[in-house]
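Novice: Just add 4 to wherever you are in the sequence shown, counting from 1, and you've got our numbering.
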Amino acid sequence: MLLMHITEKQTIKPSPLPHNWKKEESVFTGDCLIDAYLKGKRDGKNEMIETLAKQFNDNMAIATSISEKLYAAAADRKINFKTIHVRAEGITKFSALVIAKKEDFLSDEFRGIFTLARKLKNEVESDSFYISFSFMPHSDELNEKCITADGFFLKYEKE
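Dropping the structure here:
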């Protein structure tokens with residue numbers, strides 16, 4: 005035996021108020037309070053997401069700017085970087101991977117770049133921003149796809 009059920013949406017008309025009675029407009033029902041709570045929660049969540057996105061974008065600008073400063077300062081010292089890769093490890097923490105020409109990386113002058121990177125890092129480090137610099141020599145066997153797979157989603161190479 006097959007039974008079928010049909011559900012229809014019906015609107016329920018509010019009951020008419022008895023004679024000499026009026027509805028108080030300033031009274032809130034439980035539904036009104038629940039709706040207000042959910043709206044406040046949703047608005048708060050949206051505000052938090054916007055705030056975090058802004059902080060991330062501001063920090064990304066700092067990370068790329070400080071990396072470019074290091075690139076320019078190294079060029080002034082006749083040390084050539086091939087590329088700089090940047091990754092975000094969180095909203096406030098970033099890593100920069102600097103790839104230098106092999107002959108520059110092995111030179112005695114490159115020690116000054118380590119010192120300069122530490123100085124630049126200390127200038128921008130705060131409770132809401134941190135960056136670390138890593139260095140490696142360029143190699144023909146270097147696989148850019150592996151670097152990208154490690155999370156380095158930004159690449160700077162001056163042309």
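Virtual Cβ for every residue (Gly too), placed ideally from N, Cα, C.
Note that this is a predicted model, so its numbers are computed, not measured.
Have a look at the DSSP bridge pairing and note the partners of phenylalanine 85.
Specialist: In the sequence shown, the residue the question calls residue 85 occupies position 81. Per DSSP, Ala104.
Novice: So who's on the other strand from serine 130, going by DSSP bridges?
Specialist: Taking the sequence shown and counting its residues from 1, one reaches residue 130 at position 126. DSSP lists Phe133 as partners of serine 130.
Novice: Starting from lysine 159, follow its DSSP beta bridges and name the residues at the other end.
Specialist: Here residue 159 corresponds to residue number 155 of the sequence shown, with the count starting at 1. Lysine 159 pairs with His89.
Novice: Going by alpha carbons, who is nearest to proline 81 out of Gly34, His142, Ser111 and Pro22?
Specialist: In the sequence shown, residue 81 corresponds to position 77, counting from 1. The question names proline, yet the displayed sequence has arginine at residue 81. Comparing Cα positions, the closest option is Ser111.
Novice: Given that a residue counts as buried once 16 or more other Cβ atoms are within 10 Å of its Cβ, and exposed if not, what is tyrosine 75?
Specialist: Residue numbering aside, residue 75 sits at position 71 when the sequence shown is read from its first letter. Looking at its Cβ environment, which holds 16 or more other Cβ atoms inside 10 Å, tyrosine 75 is buried.
Novice: Three Cβ pairs or more, each shorter than 8 angstroms: is that satisfied between the segment 57-71 and the segment 95-102?
Specialist: As far as the Cβ criterion goes, the segment 57-71 touches the segment 95-102, which means the pair count is three or higher.
Novice: Nearest-angstrom Cα distance between methionine 52 and isoleucine 83?
Specialist: Taking the first residue of the sequence shown as position 1, residue 52 is located at position 48. Taking the first residue of the sequence shown as position 1, residue 83 is located at position 79. Rounded to whole angstroms, methionine 52 to isoleucine 83 spans 43 angstroms at the Cα level.
Novice: Would you call phenylalanine 118 buried or exposed, if buried means 16 or more other Cβ atoms sit within 10 Å of its Cβ?
Specialist: Residue numbering aside, residue 118 sits at position 114 when the sequence shown is read from its first letter. So phenylalanine 118 counts as exposed.
Novice: Which of the three DSSP states, helix, strand or coil, is assigned to serine 99?
Specialist: Within the sequence shown, residue 99 is the residue found at index 95, counting from 1. Note: serine 99 maps to strand in three-state DSSP.
Novice: Can you have a look at phenylalanine 85 and say buried or exposed, based on whether 16 or more other CB atoms are within 10 angstroms of its CB?
Specialist: Residue numbering aside, residue 85 sits at position 81 when the sequence shown is read from its first letter. Flag for phenylalanine 85 reads buried.
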